[in-house]
Amino acid sequence: MNNDEMDYLLDRLSDVLISCVILSTLFLLLWFVYYLLAGDWTYKVHSRFFELSRRDFDLVNYWGMAITKVLSIVFFLFPYLSIKILMRKKRRIK
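The sequence shown begins at 1441 in this note's numbering and counts up one residue at a time.
If you want it as structure tokens, here you go:
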């Protein structure tokens, strides 16, 4: 694989990673809005099937959003930033 192919591959990979960051952010926003607007209804539905207090339901949602955010940052945003920094350094050398 020559330099041009590697640059193209890294550029496409960075496009995919930033798309994943955007999609995961939209997913978190949708989850948060749904939780705010329909949290009581969702709790009632789930508490029929599981022995679940309101506090536990809130904690599951809070931790789910937190873990999703951290995983999105670690697996999508950090690699994206690393590739962009690498590409910038590579362009300066040329």
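Glycine residues also receive a C-beta, built at the ideal position from the N, C-alpha and C atoms. Note that the coordinates shown come from a computational prediction; the quantities given were computed from them, not determined experimentally.
If you compare the alpha carbons of M1446, N1442, D1455 and D1444 with that of L1521, the shortest gap goes to D1455. In this structure, DSSP gives M1441 a state outside helix and strand, which the three-state scheme calls coil. Here S1512 has S1464 as same chain residues with Cβ atoms under 6 Å from its own Cβ, once five neighbours each way along the sequence are excluded. Taking one beta carbon from each stretch, the stretch 1487 to 1500 and the stretch 1445 to 1459 have fewer than 3 pairs nearer than 8 Å; the two do not touch. In the DSSP assignment, K1530 falls within the unbroken alpha helix (DSSP H) covering F1518 to I1533.
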